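Shown next, in structure tokens, is the structure this report addresses.
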Amino acid sequence: HTCSAASNLLYVHAESYFDEDFLDKWRFFSDVDPTHGAVEYVGRKAAFAAGLVNRTQERVYVGVDMKSVVGSNGKGRRSVRLESNEEYNSGLFIVTLDHMPTGCGTWPALWLFGGDVKHPWPSWGEFDIIEGAHKSTQAMSTLHTASGCDQSPVVPGRDFTTRWHRGTQKAPARDCDVHADGQFENQGCSQAGPENSMGSSFNAFNGGTFAAEWDPLAGHIRSWFWPAGSEPFDVIMKHPAPSSWGKPYSYFRLDPVTCPASHFRNMRIVLDLTLCGDYGEATFKDSCPEVADDLSCKDFVLKHPEQMREAYWSIRNLDVYHAAGLNLGSSNLLNTLTVLKRFQLGALEALRGTRAVWFLPHMSWNLQVFVVSIVLLALGHVLFKVRHWARWPIPGRGCNRRELSIYSQLELDI
């Protein structure tokens, strides 16, 4: 572990994907499902007309057709796949859900992938933030790449809190190559999510919040999950500080030798719900033995709309954050924004539980910065002398005292 500014990034809000103008930020994918699901992805107009997508003040609903018995005309059950117009090369992605699709035949996912005509999948990689099938109660986090992305150095317990999924030979699936030996085709490197991070139990507990950080400079992709009501204060206030969240449940290492960060680039966000498909078909018999003895996965989802009642997403928000200062032309501006952000975050934390916090989130950014800066500057003047404090011995976290003194001086001298 080294003392890297990138490992303790401050994030600023960049985009909200399910606010009032969410339709301008997504495209409705309407081609044939690349994963061979028993679905017919429909366009924007058809999705709204059929009630597959709607928005209220509090959430966005995305689901499948729950009314029709689908014939054998070659088309599947109508569903929705959304792809962001924006492409990303890093970021912090935080999504709050109060319902996730579940039930036999379902295969929902929130993921990122890159690719174009000259760079077919998986040339620019894929990162599955949330994925599962049928009645799973644990979301999966997975990377899919071309050859050359090995996650063998990543150790459960030390680097992340859950476990690796297993390949065809029962060994951990730690090779992200979609054609890796000893793993299922297109399995990638896959880690389990926490219990109740998906399925009926997730929905029964009113959902929760996922945060996924993709930071090529720090050299990692990592994820956290909080059940509804247990989200950190900084997440609620939309000033996320991943360094304060503890060990992630999922962690992948981006390293020039074992897995170069160049495996992942120009990736779009995707929210979809396919039915059966490559993964769903392969796991149908083990996951749904009560129906698999009589019906194939495809026949089940096409002929039984009454079984699709839980096949929908209910999304509270999906926010994207960028590292503070990225693409800013002046290092002084970067430093100033960083310090102001820390002033604000510190004040909000200090005021937690007091009446003062009620009005701060409703202020403009400039007014918030002014208020919290005055508060913290006053507190700092009373409690300590800045320059003396910056030279105190501090637990290093891999940094020596000189490096810490430089960072402290920078933050508090401006």
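Taking the numbering used here, the leading residue of the sequence shown gets 4, the next gets one more, and so forth. All C-beta atoms, glycine included, are put in the ideal place defined by N, C-alpha and C. Quick caveat: nothing in here was measured; it's all calculated off a predicted structure.
Item	Value
What residues are listed by DSSP as bridge partners for S253?	S226
Which ranges does the beta strand (DSSP E) cover as unbroken runs of at least 3 residues, wholly within the stretch 291-334, from first to last along the chain?	315-326
The ligand SAM and H266: does any heavy atom of the ligand fall closer than 8 Å to the residue's C-beta?	As presented, the structure is devoid of all ligands, the ligand SAM included, so that no description of it is given.
Using a Cβ distance threshold of 8 Å, determine whether the stretch 67-82 contacts the stretch 302-317, with at least three qualifying pairs required.	yes
If you compare alpha carbons, which of F205, A183 and R80 is closest to L276?	R80
Return helix, strand or coil for N57, following the three-state DSSP convention.	strand
Looking only at C-alpha atoms, which of P243, A231 and G94 sits nearest to S272?	Reading off the sequence, residue 272 comes out as Ile, not Ser. Here the closest residue by C-alpha is G94.
Given that a residue counts as buried once 16 or more other Cβ atoms are within 10 Å of its Cβ, and exposed if not, what is G66?	buried
With distances taken Cα to Cα, identify the nearest neighbour of T261 among G135, G151, I133 and H16.	G151
List the endpoints of the continuous alpha helix (DSSP H) containing A49.	R47 to A52
Within the same chain, show all residues whose beta-carbon is closer than 6 Å to that of N206, passing over the 5 residues directly before and after it, in chain order.	H102
Since F31 is in the beta strand (DSSP E), which residue starts that stretch and which ends it?	W29 to F31
Confirm, please, whether the CB-CB distance from H122 to C1 is below 9 Å.	Outside the shown range of the chain (4 to 417) lies residue 1, about which nothing can therefore be said.
Looking only at its own chain, which residues have a Cβ that is under 6 Å from the Cβ of D281, when we skip the five neighbours before and after it?	T38 and H39
Could you check where the beta strand (DSSP E) with A174 kicks off and where it finishes?	Premise fails: A174 is in no beta strand (DSSP E) and is neither H nor E.
Under 8 Å: do the stretch 14-27 and the stretch 310-330 share three or more Cβ pairs, one atom per stretch?	yes
For the beta strand (DSSP E) that D131 lies in, which residues bound it at each end?	E129 to E134
Quick test of your reading: V42 and S33, contact by CB under 8 Å. State the CB separation rounded to the nearest angstrom.	Between S33 and V42 the Cβ distance is about 11 Å, and since that is not below 8 Å, they are no contact.
Report the rounded CA-to-CA distance for Y254 versus K241, giving the unit in angstroms.	23 Å
Which residue from W248, S226, T109 and V120 puts its Cα closest to that of A285?	T109
In this structure, what does DSSP give as the bridge partners for G117?	M270
Could you compute how far the alpha carbon of G1 sits from the alpha carbon of M270?	The question about residue 1 has no answer, for the chain in this structure spans 4 to 417.
Which residue or residues does DSSP assign as beta-bridge partners of Y20?	For Y20, which the question treats as bridged, DSSP gives no partner whatsoever.
DSSP state of S93, grouped into three classes?	coil
Note the first and the last residue of the continuous alpha helix (DSSP H) segment covering F236.	F236 to I239
Around the C-beta of R225, are 16 or more other C-beta atoms found within 10 angstroms, so that it is buried, or is it exposed?	buried
From this set, A112, T59, E90 and F96, which residue's C-alpha is nearest V83's C-alpha?	A112
With DSSP as the reference, identify every bridge partner of H122, one or two as the case may be.	D119
According to DSSP, which residues form a beta bridge with T99?	T212 and N320
Give me the residue from A231, G222, G196 and G202 with the minimum Cα distance to T145.	G196
State the Cα-Cα distance for the pair S19 and V35, rounded to the nearest angstrom.	28 Å
For S144, name the three-state secondary structure that DSSP assigns.	strand
What does the alpha-carbon distance come out to for the pair W127 and C300?	31 Å
In angstroms with no decimal places, state the Cα-to-Cα distance between C107 and T59.	28 Å
In the DSSP output, which residue or residues are listed as bridge partners for R62?	Note: R62 sits in no beta bridge, so no partner.
Straight-line CA distance for S139 to T105?	8 Å
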